[in-house]
Amino acid sequence: MSNRRKIIVTGASSGIGRASAIRFAADGCDVGVNARREERLRELVITFPPGNHLVCAGSYDDAAVGAAFLAGPDAMYLTGQSITVDGGLTIAF
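The opening position of the sequence shown corresponds to residue 42 in the working numbering, with each subsequent residue numbered one higher.
So this is what it looks like as structure tokens:
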């Protein structure tokens, strides 16, 4: 099993989410990106250094999207760990 950090970034197709995803990938993390615009996510991920990156397009306002993701093979990407990014110290930039 890889010792690389695994990060999931929502809103990764633009703005702060995109910048965060780029930085995490550059720092050697495996990055899962989420946003509504799948094409923009795919364009983003191909710019990342090699790793086990994941694209999961859709809005989690729709419970069916989340359920389909969790029932599918990409769910094994999740490790059961989470890193707080909205109020706690995570990875220093």
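Don't be surprised by glycine CBs; every beta carbon is placed ideally from N, CA and C.
Flag residue 65 as yes when its Cβ comes closer than 7 angstroms to any non-hydrogen atom of the ligand PLP, and as no otherwise.
Of ligands this structure carries none, so the ligand PLP is not represented either.
Does the CB of residue 87 have a neighbour CB from chain B at under 8 angstroms?
Looking for chain B here will not work: only one protein chain is present.
Cβ neighbour criterion (16 or more within 10 Å) applied to residue 76:
buried
What does the alpha-carbon distance come out to for the pair residue 98 and residue 78?
6 angstroms
Give me the Cα-Cα distance between residue 89 and residue 63, rounded to the nearest whole angstrom.
7 angstroms
Below 8 angstroms between beta carbons: does that hold for residue 45 and residue 92?
yes
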